[in-house]
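Using the numbering used here, read the sequence shown as starting at 1077 and increasing by one per residue.
Where is the CB? At the ideal position from N, CA and C, for every residue including glycine.
Here the structure is a predicted model, which means the values were calculated and not measured.
This report refers to the structure that appears directly beneath it.
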Amino acid sequence: MGIVIAVLLLALILGGVGFAVHVLWWIALAVLVLWLLGFVFRGPGTAGGPRSRWYRW
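Following this line, the structure appears as structure tokens:
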């Protein structure tokens, strides 16, 4: 009985990790899209100035 519970707990843990990794991939994809949109919509008149980058770092 203990082995069955251990296998079920292992399956739950690995399933939870797999779900978390899947969600993190979607979050990473959304951040990448926002980052690329920042380059597209930063405006043509900001080259060379102190605000030439849309991010602060």
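query: Reduced DSSP category for Phe1117 - H, G, I as helix; E, B as strand; rest coil; result: coil
query: Euclidean distance between Cα positions of Ala1106 and Gly1091; result: 23 Å
query: Nearest-angstrom Cα separation, counted from Ile1103 out to Ile1087; result: Note on residue identity: the sequence assigns Ala, not Ile, to residue 1087. Near 24 Å, if we compare the C-alpha coordinates of Ile1103 and Ala1087.
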